[in-house]
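Beneath this line is the structure, given in structure tokens, with notes to follow.
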Amino acid sequence: MSDPTRYDLAVIGAGPLGAATARHAAESGASVLVVGPEEPADPAGHEGTWAGYYDQGRLCHVLEVPLMTSLLAMRSRRRFPELIARTGIDFLTPTHSVTVLPAETGERSLWFDRDVLARNAADLGVPVDALDEQELAQAYPGLRFEPGHVALREPDAFILNPRALVAAELSAATAAGATIVRDEVVARDRVGDDVRLTGAGGGTWTAARAVLATGAATNATGLLDRRLATATYGATVVLAEVAGPDAVSMPTMMMMKVRGGEMVFGGIVMAPVEYPDGRWYLKISGSSLLDFPLEGREEIAAWVRTGGHPGDLEMARVLLAELLPDLEVLSLRTRPCLVCATPSDLPYLDWADESTVVLVEGERGAMAADEIGRLAAGLALTGRWSDTIPHAVFAAEWSA
Ligand SMILES: Cc1cc2nc3c(=O)[nH]c(=O)nc-3n(C[C@H](O)[C@H](O)[C@H](O)COP(=O)(O)OP(=O)(O)OC[C@H]3O[C@@H](n4cnc5c(N)ncnc54)[C@H](O)[C@@H]3O)c2cc1C
Numbered sequence: 493m494s495d496p497t498r499y500d501l502a503v504i505g506a507g508p509l510g511a512a513t514a515r516h517a518a519e520s521g522a523s524v525l526v527v528g529p530e531e532p533a534d535p536a537g538h539e540g541t542w543a544g545y546y547d548q549g550r551l552c553h554v555l556e557v558p559l560m561t562s563l564l565a566m567r568s569r570r571r572f573p574e575l576i577a578r579t580g581i582d583f584l585t586p587t588h589s590v591t592v593l594p595a596e597t598g599e600r601s602l603w604f605d606r607d608v609l610a611r612n613a614a615d616l617g618v619p620v621d622a623l624d625e626q627e628l629a630q631a632y633p634g635l636r637f638e639p640g641h642v643a644l645r646e647p648d649a650f651i652l653n654p655r656a657l658v659a660a661e662l663s664a665a666t667a668a669g670a671t672i673v674r675d676e677v678v679a680r681d682r683v684g685d686d687v688r689l690t691g692a693g694g695g696t697w698t699a700a701r702a703v704l705a706t707g708a709a710t711n712a713t714g715l716l717d718r719r720l721a722t723a724t725y726g727a728t729v730v731l732a733e734v735a736g737p738d739a740v741s742m743p744t745m746m747m748m749k750v751r752g753g754e755m756v757f758g759g760i761v762m763a764p765v766e767y768p769d770g771r772w773y774l775k776i777s778g779s780s781l782l783d784f785p786l787e788g789r790e791e792i793a794a795w796v797r798t799g800g801h802p803g804d805l806e807m808a809r810v811l812l813a814e815l816l817p818d819l820e821v822l823s824l825r826t827r828p829c830l831v832c833a834t835p836s837d838l839p840y841l842d843w844a845d846e847s848t849v850v851l852v853e854g855e856r857g858a859m860a861a862d863e864i865g866r867l868a869a870g871l872a873l874t875g876r877w878s879d880t881i882p883h884a885v886f887a888a889e890w891s892a
């Protein structure tokens with residue numbers, strides 16, 4: 493069971509951040525091990541950990557806050573064509589990304605501030621256009637928007653398939669010599685200057701340094717000596733089955749829908765995406781995103797077994813009936829997801845102790861993963877920060 497190899501780097505977690513870290517480390521010439529379970533087949537009887545990436549679609553765009561998230565995503569995005577060409581695994585589908593919001597809003601979040609989003613896009617040199625109410629209706633004639641709503645559009649955005657992104661990153665990592673072990677790490681110890689990992693299956697591995705990339709479940713792994721300042725939430729995705737890719741012509745939207753001064757929806761409505769069952773689904777997420785805080789492995793597993801919050805089904809049904817009155821929805825169902833947030837809304841990419849770097853990006857970690865992984869691999873392998881973005885931006889906060 494014990495692997496006698498002493499690796500330069502052991503990566504814990506084979507999600508988007510861990511897979512990207514492993515590939516960049518391996519491609520720099522280091523010997524790399526990545527330990528993480530495969531996606532469980534069925535949420536219904538699930539025990540154990542879960543991930544944020546077990547899905548088919550994530551937005552990849554610049555209409556985001558903070559600006560840093562979009563910058564990390566842009567750096568990732570510039571490398572995607574090469575990663576896709578090299579691995580033969582395509583994970584991008586072109587889409588219009590359209591942020592829809594009321595023309596007149598009082599208190600609003602930065603995510604739905606048109607001026608802030610437009611300035612961020614301009615800073616990154618990405619073309620976006622502002623649509624008034626009439627232009628929005630004309631651009632997407634099959635959709636019915638709430639009166640008084642306007643939009644900002646990024647025409648050259650993507651839907652990113654996070655499962656396929658992970659497959660591509662891991663494929664490139666193994667091509668560069670990395671070893672993947674499908675197990676869950678249950679202990680992380682110091683042995684002299686090295687780190688020793690123990691898997692649930694009894695295996696042990698030794699490395700000079702480790703990167704902990706276990707996503708929203710990080711505080712529940714028991715692998716840190718102190719608690720990171722980040723909460724874990726059980727999120728819900730609603731899948732609305734449609735007849736196929738051409739059932740509707742629509743953009744992918746971040747939408748803030750306000751009626752009579754009250755926000756009636758805030759979240760993502762994604763254009764049809766094909767799922768592993770061969771069917772096509774629109775995806776709606778948002779309403780209850782941060783409503784279900786979870787503590788520990790057992791609570792996470794119990795959340796996964798619920799299959800997601802059933803209350804979101806009615807929210808999605810009403811939203812779709814108003815937005816796409818001519819669309820035939822064949823079925824509606826929920827999927828469970830895990831998400832976390834940091835107090836700064838910035839990723840953590842920092843030392844947990846002398847041997848281990850911890851990585852967390854809760855809400856936009858699919859589009860930004862490749863660059864976060866590149867930065868993490870460099871820090872862990874060299875012990876130095878060498879990017880022009882100040883390292884302090886990514887400082888982890890710890891709970892008392
Ligand atoms: C509803 C929803 C919508 C989202 N929308 C977007 C979006 O539009 N755009 C975007 O970019 N991002 C989006 N995200 C966020 C994105 O999915 C996450 O930021 C991303 O998945 C984080 O990647 P990660 O590798 O850090 O964590 P995860 O994806 O959670 O992967 C962590 C991995 O670590 C493994 N692991 C856990 N514990 C252990 C252990 N002890 N040992 C070994 N392995 C372990 C898990 O099994 C998992 O494979 C969304 C998330 C949700 C939930």
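Each residue of the sequence shown is one higher than the one before, counting from 493 in our numbering.
Every residue gets a Cβ at the ideal spot worked out from N, C-alpha and C, and that includes glycine.
- In the structure shown, what three-state DSSP assignment does L657 receive? Here the question's residue 657 lines up with position 165 in the sequence shown. Of the three classes helix, strand and coil, the one that applies to L657 here is helix, per DSSP.
- Task: Run the CB neighbour count on L822, radius 10 Å, all protein chains shown included, and call it buried at 16 or more, exposed below.
- Result: As a first step, residue 822 is located in the sequence shown; it is residue number 330 there, counting from the start. Classification for L822: exposed.
- Message: Can you tell me which residues form a DSSP beta bridge with M755?
- Response: Sequence index remark: in the sequence shown, residue 755 carries index 263 (1-based). DSSP lists V750 as partners of M755.
- Item | Under 8 Å between C-beta atoms of L751 and T561 | As a working mapping, residue 751 is identified with position 259 in the sequence shown. As a working mapping, residue 561 is identified with position 69 in the sequence shown. Looking at the sequence shown, residue 751 is not Leu but Arg. Contact: no.
- Verify whether the separation of the beta carbon atoms of A869 and A665 is less than 8 Å. The sequence position of residue 869 within the sequence shown is 377, counting from 1. The sequence position of residue 665 within the sequence shown is 173, counting from 1. Cβ distance not < 8 Å, so A869 and A665 don't count as in contact.
- Task: Can you tell me which of L786, E791, T744 puts its alpha carbon nearest to the alpha carbon of S589?
- Result: Residue numbering aside, residue 589 sits at position 97 when the sequence shown is read from its first letter. Of the candidates L786, E791, T744, the one whose C-alpha sits nearest the C-alpha of S589 is T744.
- Message: Short of 7 Å in beta carbon distance, which residues of its chain neighbour V740, apart from the five on each side in sequence? Order them along the chain.
- Response: The residue you call residue 740 lines up with position 248 of the sequence shown. Taken in chain order, the residues that qualify are G634, V734, P764, L816, L819.
- Item | Local conformation of W542 per DSSP, three classes | The sequence position of residue 542 within the sequence shown is 50, counting from 1. Coil.
- Item | Identified DSSP bridge partners for T728 | Translated into the one-based positions of the sequence shown, residue 728 becomes position 236. Answer is P828.
- Query: Cβ-heavy atom distance between Y545 and ligand 1 below 7 Å?
  - Reply: Here the question's residue 545 lines up with position 53 in the sequence shown. Under cutoff, so the answer is yes.
- Task: Output yes or no for whether 8 Å exceeds the beta carbon distance between R688 and Y545.
- Result: One-based indexing of the sequence shown puts residue 688 at position 196. One-based indexing of the sequence shown puts residue 545 at position 53. Not closer than 8 Å, so no.
- DSSP state of T848 mapped onto helix, strand, coil: By 1-based counting over the sequence shown, the position of residue 848 is 356. Three-state DSSP puts T848 in a strand.
- Sort out for me which residues DSSP pairs H553 with in a bridge. Mapped onto the sequence shown, residue 553 falls at position 61. In DSSP, H553 forms no bridge with anything.
- Item | One or two residues paired with D862 in a DSSP bridge | In the sequence shown, the residue the question calls residue 862 occupies position 370. BP columns for D862 are empty, so no partner.
- Item | Delimiting residues of the alpha helix (DSSP H) encompassing E596 | For the purposes of this step, residue 596 is identified with residue 104 of the sequence shown, where counting begins at 1. Run containing E596: none; DSSP gives neither H nor E here.
- Item | Own chain, CB closer than 6 Å to A727, minus 5 neighbours either side, in chain order | Numbered from its first residue, the sequence shown carries residue 727 at position 235. Excluding sequence neighbours, A727 sits near L781, C829, V831.
- Query: Nearest-angstrom Cα distance between H801 and E638?
  - Reply: Position 309 of the sequence shown, counting from 1, holds the residue named residue 801. Position 146 of the sequence shown, counting from 1, holds the residue named residue 638. In a straight line, the C-alpha of H801 is about 25 Å away from that of E638.
- Task: Could you spell out the range, first to last residue, of the beta strand (DSSP E) harbouring H641?
- Result: Residue mapping note: residue 641 aligns to position 149 of the sequence shown, counting from 1. First-last of the beta strand (DSSP E) with H641: 641-652.
- Could you tell me whether any Cβ in chain B is nearer than 8 Å to the Cβ of Y546? This model lacks chain B altogether; it includes just one protein chain.
- Assign L564 to one of three DSSP states: helix, strand, or coil. Taking the first residue of the sequence shown as 1, we reach residue 564 at position 72. Looking at L564 - three-state DSSP - the assignment turns out to be helix.
- Item | Own chain partners of G640 with C-beta closer than 6 Å, once the 5 adjacent residues on each side are dropped | Reading the sequence shown from its first residue, position 148 is the one you call residue 640. Contacts found: P594, A595.
- Message: So, with DSSP's three-state summary, where would you put P558?
- Response: Mapped onto the sequence shown, residue 558 falls at position 66. P558 falls in the coil class under three-state DSSP.
- Item | At least 3 beta-carbon pairs within less than 8 Å: the region 699-706 vs the region 612-629 | no
- Query: So what does DSSP say about E733, is it helix, strand or coil?
  - Reply: Within the sequence shown, numbered from 1, the residue matching residue 733 stands at position 241. Here E733 sits in strand by DSSP.
- Query: Taking all protein chains shown into account, do 16 or more other C-beta atoms lie within 10 angstroms of the C-beta of D783, making it buried, or fewer, making it exposed?
  - Reply: Here residue 783 refers to the residue found at position 291 of the sequence shown. D783 is exposed by the Cβ-count criterion.
- Message: Counting beta carbon pairs with one atom in the region 641-660 and one in the region 674-686, are three or more of them shorter than 8 Å?
- Response: no
- Compare the beta carbon distance of L811 and I760 with 8 Å and say whether it is the shorter of the two. One-based indexing of the sequence shown puts residue 811 at position 319. One-based indexing of the sequence shown puts residue 760 at position 268. It is not a contact, given that the beta carbons lie outside the stated cut-off.
- Item | For G691, the residue or residues it bridges with in DSSP | Within the sequence shown, residue 691 is the residue found at index 199, counting from 1. Per DSSP, V677.
- Item | Residue range of the unbroken alpha helix (DSSP H) whose run includes I792 | To locate residue 792, count along the sequence shown from 1; it is residue 300. Segment 788-798, the alpha helix (DSSP H) holding I792.
- For ligand 1, is there a heavy atom less than 7 Å away from the beta-carbon of A887? The count along the sequence shown starts at 1 and reaches residue 887 at position 395. No - ligand 1 has no heavy atom lying nearer than 7 Å to the Cβ of A887.
- Does DSSP put A700 in a helix, a strand or coil? Taking the sequence shown and counting its residues from 1, one reaches residue 700 at position 208. Of the three classes helix, strand and coil, the one that applies to A700 here is strand, per DSSP.
- Query: Are the beta-carbon atoms of A536 and G799 separated by less than 8 Å?
  - Reply: Position 44 of the sequence shown holds residue 536. Position 307 of the sequence shown holds residue 799. Yes.
- Could you work out which residue in D500, A613, A614, A659 is closest to L575 when comparing CA atoms only? In the sequence shown, the residue the question calls residue 575 occupies position 83. Residue A659 is the option with its Cα nearest to L575.
- Item | Alpha-carbon spacing of A522 relative to R515, whole angstroms | In the sequence shown, counting from the first residue as 1, residue 522 sits at position 30. In the sequence shown, counting from the first residue as 1, residue 515 sits at position 23. So the two alpha carbons sit approximately 10 Å from each other.
- Message: For D879 and L867, what's the separation of their Cα atoms in angstroms?
- Response: Position 387 of the sequence shown, counted from the start, is the residue given in the question as residue 879. Position 375 of the sequence shown, counted from the start, is the residue given in the question as residue 867. When rounded, the distance between both Cα atoms is 8 Å.
- Consider the C-beta atom of S777 and the heavy atoms of ligand 1; say whether any pair is separated by less than 7 Å. Within the sequence shown, the letter at position 285 stands for residue 777. Indeed, a heavy atom of ligand 1 lies less than 7 Å from the Cβ.
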